[in-house]
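Below is one structure, written out as structure tokens, with a few remarks after it.
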Amino acid sequence: MSLLALFAVFLGLFFPVNASDVSHKPRVTLTDKDVSFLRIHLSGNNSRIELLHGPHDNIVYATGSINLFQTNFNSSKTSTMGPVFGEGCRSNDPTSPDCHYNITVLCKTKDPNQLFLCGTNGQQHTLCCYMNPSDDPFICTPSKDIQDIKQHINEREPSLLIGSPEVEQFYTTHSGTERSVGINMFGKKKLWTENSGTEQRYVSLVASGQREDRLQDRLYAFYIEKNRGPCLGCDLWVPWVAQVCMADLGGPKSYLQFRWTSKLSARLFCGDHDSRLYFTQLVDVNTVLAERWQDTRVYALFRNGWGMSAVCVYTIEDIDHIFKTSNFAGHTGSIPSPRPGECVKDSTKLPMEVLKMVDKVSEMKEGVTSGPLLVTHQYYHHICVDRVQGKGNVLFLSLENGGIHKVLERDGQVFVIAELQPFNYSAHILSMMLHSSTGKLYLASSRELVQIDLGSCEQYGAQCEDCVLARDPYCGWDGIHCTAATNKTIQDVENGNHQVCSNISRGVTASKVSFPRSLVGAADGIRIPLSSKYFLSCPTLSSHAEYSWRHHGNTTATPCISTGSEHQCLLLIESMGPEQQGTYSCVSEERGYHRTLVQYKLQLDSGATGLASPCLACLGLVLTLVLTLLC
983 MSLLALFAVF LGLFFPVNAS DVSHKPRVTL TDKDVSFLRI HLSGNNSRIE LLHGPHDNIV
1043 YATGSINLFQ TNFNSSKTST MGPVFGEGCR SNDPTSPDCH YNITVLCKTK DPNQLFLCGT
1103 NGQQHTLCCY MNPSDDPFIC TPSKDIQDIK QHINEREPSL LIGSPEVEQF YTTHSGTERS
1163 VGINMFGKKK LWTENSGTEQ RYVSLVASGQ REDRLQDRLY AFYIEKNRGP CLGCDLWVPW
1223 VAQVCMADLG GPKSYLQFRW TSKLSARLFC GDHDSRLYFT QLVDVNTVLA ERWQDTRVYA
1283 LFRNGWGMSA VCVYTIEDID HIFKTSNFAG HTGSIPSPRP GECVKDSTKL PMEVLKMVDK
1343 VSEMKEGVTS GPLLVTHQYY HHICVDRVQG KGNVLFLSLE NGGIHKVLER DGQVFVIAEL
1403 QPFNYSAHIL SMMLHSSTGK LYLASSRELV QIDLGSCEQY GAQCEDCVLA RDPYCGWDGI
1463 HCTAATNKTI QDVENGNHQV CSNISRGVTA SKVSFPRSLV GAADGIRIPL SSKYFLSCPT
1523 LSSHAEYSWR HHGNTTATPC ISTGSEHQCL LLIESMGPEQ QGTYSCVSEE RGYHRTLVQY
1583 KLQLDSGATG LASPCLACLG LVLTLVLTLL C
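This is the structure:
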């Protein structure tokens, strides 16, 4: 076997073309060469960034360590405000310890022009203030009610600011092993958790949404706890969800004063009992609000010890049901009234037996369970979810290399629309934010912010079928282009059925993909010396399609040699002779849609022998791929 043929077999073994089980593989991969991503540079060395949308569509706030960035994507400008804490630090001694307050909290208030920030210094002291970024010079006004926070708020702790300016309550968590670990509330009333000493790490705080009876409004905390069992083969961490009542006032002076009287906890299960596949490492949580509070969906991103990721979905109704109906773990007697964990108007007047049970036996016997919506060997870090009215939900999952998987979820089924690669370098995504009303996704690396326009659709192709097969809820065919979806554009998000295009008049008929002039050749074809070897190349945009080569239109097709990450399909002409002359067509087939992507006309140049010059470039490509794999 010749060297080129050996390389072809080698590539075929590593990159086989297989159309089966493709729903969990990105259909297309789009880089900054395919899509125009807006980006803004951030100064400094930022190890942690929090994002918040501003009062106008084009404004995004981002926290550095001690500075606040205000970015404008319309003008590609960034203004830096800081240090935020310690007004005297800006003109006096910036090296003073009083100036080194790292920003750990960034929240919106009821006033769209105002921000709420907290910062913690090296002495474990926390300051919180209100700020209007448009003021010049800016002033961070200390909060009257939210102060005396004698704890270190870690920069990765979840937090929420809830209520009006008159009665705002600030909720935050404290991870670790100290006795103050748990959910803490600051404001006109202060409450905290008395922990048993078991290590806990908090991932998210979620408000239940306004209920018909506002007294029953609750807050849910999602966290992992170090396994307390002696089992050597057990998982190191166990996921939990806890509830507290927002109306909780704490207990009387004699018992549980300044402590939660409504805190209950339940195990969180994500897995498949039949296959015994479980996920216990809770990584991130995102919430999709609904008109009915019961229908609010909590999307939880998990990993397991085998390096697999999964997404499980819980509704607030699922969680609420467990806390209201489950027996208490380890409790065998009767349950007192009111039921422990029930929200009451004045918790300081609760019966002592209720308070003692909440203090000693607050764990539910039953857990909140869900089967995985998505299971993959990808290593995801963040999750954002957008509800597209009438079309399903779209999940955005960040990858280790700075990429994003864009995933359609509809009726419990998932379809990976695309992998977006907005960074032209290997980046770690520190934060991700979705602004649903404008259709923009924002990503932050340590040195820049990137804006992704979810209505940018032309990259899917210049045919109606290409647009429909994408199954992107944000995109539709307007008769000429694949563009942002409206009620007049053509799409089939549910099935991706390209037949919906059959009765429309055609606009652009040529594919967007362009080919090098040297490959397409002149009108009389590409002339190749006798006995030469030659590679033909074809672009492979969709990984869900099957690609093959046809010679003279023969129905017997030759499978592709896929180049994997190069998104090319190759055909090796082993030895050029009279039988190899003629037209070669690269054909794709996806869900019954057949399309000729490119054609080559080869002719024998009998006056020369040896390797054809275009083959040398292809040989270089193959050698590069093989060396990459071996390294």
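So the number in our numbering is just where the residue sits in the sequence shown, counting from 1, plus 982. Just so it is clear, CB atoms sit at the ideal spot from N, CA and C, and this is done for glycine as well.
Every unbroken beta strand (DSSP E) within the segment 1151-1233, with a cutoff of 3 residues, ordered by chain: Fully contained in the segment 1151-1233 are the following beta strand (DSSP E) runs of length 3 or more, in chain order: 1151-1156, 1164-1168, 1182-1189, 1200-1208, 1219-1227.
Give the single residue among N1040, H1134, E1032 whose Cα lies nearest to the Cα of F1098. When each option's Cα is compared against that of F1098, the closest is E1032.
C1216: buried (16+ other C-beta within 10 angstroms of its C-beta) or exposed? By the 10 Å Cβ count, C1216 comes out exposed.
Distance between Y1407 and Q1360 (C-alpha atoms, nearest Å): Each residue's alpha carbon lies about 19 Å from the other.
In or out: T1154 buried (at least 16 other Cβ within 10 Å) or exposed? T1154 counts as buried, since no fewer than 16 other beta carbons sit within 10 angstroms of its beta carbon.
Given S1291, which residues of its chain have a CB within under 6 Å of its CB, disregarding the five upstream and five downstream residues? The residues are R1285, T1358, Q1360, Y1362.
To the nearest angstrom, report how far apart A1272 and K1583 are at their CA atoms. Going from the Cα of A1272 to the Cα of K1583 covers about 58 Å.
Which runs of the beta strand (DSSP E) spanning at least 3 residues fall entirely within the segment 1373-1456, listed in chain order? Runs of the beta strand (DSSP E) inside the segment 1373-1456: 1374-1380, 1386-1392, 1395-1403, 1413-1417, 1422-1426, 1430-1435.
Alpha-carbon spacing of S1308 relative to S1427, whole angstroms: Between S1308 and S1427, the alpha-carbon positions lie close to 43 Å from each other.
Shortest alpha-carbon distance to L1390 belongs to which of N1536, E1401, L1381? The shortest Cα separation from L1390 among N1536, E1401, L1381 belongs to E1401.
Quick one, which of Q1563, S1567, Q1371 has its alpha-carbon nearest P1541's? The shortest C-alpha separation from P1541 is found at S1567.
Counting along the chain, where does the alpha helix (DSSP H) carrying H1082 start and finish? No alpha helix (DSSP H) holds H1082; DSSP gives it neither H nor E.
What does DSSP give as the partner residue(s) for A1292 in the beta ladder? Bridge pairing for A1292: F1284, V1357 [DSSP].
Three-state secondary structure (DSSP) of E1528: E1528: strand per DSSP, three-state reduction.
Quick check: what's the CA-CA separation for V1163 versus H1134? Between the alpha carbons of V1163 and H1134 lies a gap of roughly 11 Å.
Between Y1202 and the ligand MG, is there a pair consisting of the residue's CB and a ligand heavy atom that are separated by less than 7 Å? Although the ligand MG was asked about, the structure shown includes no ligands whatsoever.
L1609 versus Q1562 - alpha carbon distance: Low confidence applies to L1609: its pLDDT is 31, below 50, so where it sits in the model is not reliable, and the reading given next is rough at best. If I take the Cα positions, the gap works out to 30 Å.
I want to know whether the segment 1342-1354 touches the segment 1293-1304 - three or more CB-CB distances under 8 Å. Segment contact: the segment 1342-1354 against the segment 1293-1304, three or more CB-CB distances shorter than 8 Å; contact assigned.
Distance between beta carbons of K1126 and V1149, contact taken as under 8 Å: In fact, because the Cβ distance is near 12 Å, the residues do not count as touching under 8 Å.
Spell out the partners DSSP gives C1542 in its beta bridges. According to DSSP, which records beta bridges pairwise, C1542 is partnered with nothing at all.
By alpha-carbon positions, which one of C1089, A1224, C1122 ends up nearest to K958? There is no way to answer for residue 958, as the model of the chain reaches only from 983 to 1613.
Excluding the 5 residues flanking E1382 on each side, which residues of the same chain have their C-beta closer than 8 Å to its C-beta? Setting aside the 5 residues that flank it on each side, E1382 is surrounded in the same chain by Y1361, H1363, H1410, each with a C-beta closer than 8 Å to its C-beta; the list follows chain order.
Could you tell me which of R1509, G1461, T1468 sits nearest to I1486, measuring between CA atoms? Nearest in C-alpha terms to I1486, of all of R1509, G1461, T1468, is G1461.
Tell me, please, which residues DSSP counts as bridged to Y1260. The secondary-structure analysis by DSSP pairs Y1260 across a beta bridge with G1253.
I'd like to check one pair, S1061 with N1084: are the Cβ atoms closer than 8 Å? The answer is no: Cβ separation not under 8 Å.
With the cut-off set at 8 Å, would you say D1230 and L1173 are in Cβ contact? Contact: yes.
Would you grab the beta carbon distance between H1035 and H1417 for me? Rounded to a whole angstrom, and I think it's under 8 Å. Indeed they touch by this definition, with Cβ atoms about 5 Å apart.
The beta strand (DSSP E) spanning F1305 covers which residue range? Note, F1305: premise wrong, no beta strand (DSSP E); alpha helix (DSSP H) at 1298-1307.
Where does V1482 sit, in a helix, a strand or coil, going by DSSP? Correct three-state label for V1482: helix.
Reduced DSSP secondary structure (H/G/I, E/B, other) of S1058: Correct three-state label for S1058: coil.
Does N1056 pass the burial test, meaning 16 or more other C-beta atoms within 10 Å, or should it be called exposed? Answer is exposed; the Cβ neighbour count stays below 16.
Taking its Cβ as the centre, do 16 or more other Cβ atoms sit within 10 Å of D1117, making it buried, or is it exposed? A residue is called buried once 16 or more other Cβ atoms fall within 10 Å of its Cβ, and D1117, having fewer, is exposed.
What does DSSP give as the partner residues of F1019 in its beta bridges? Bridge partners of F1019 according to DSSP: none are assigned.
CB P1115 to CB L1024, shorter than 8 Å? No, Cβ-Cβ distance for P1115 and L1024 is not below 8 Å.
Quick check on the burial criterion: 16 or more other C-beta atoms within 10 angstroms. Buried or exposed for D1328? By the 10 Å Cβ count, D1328 comes out exposed.
Cβ distance (whole Å) where C1252 is taken to contact A1282 below 8 Å: Correct: roughly 7 Å between the Cβ atoms.
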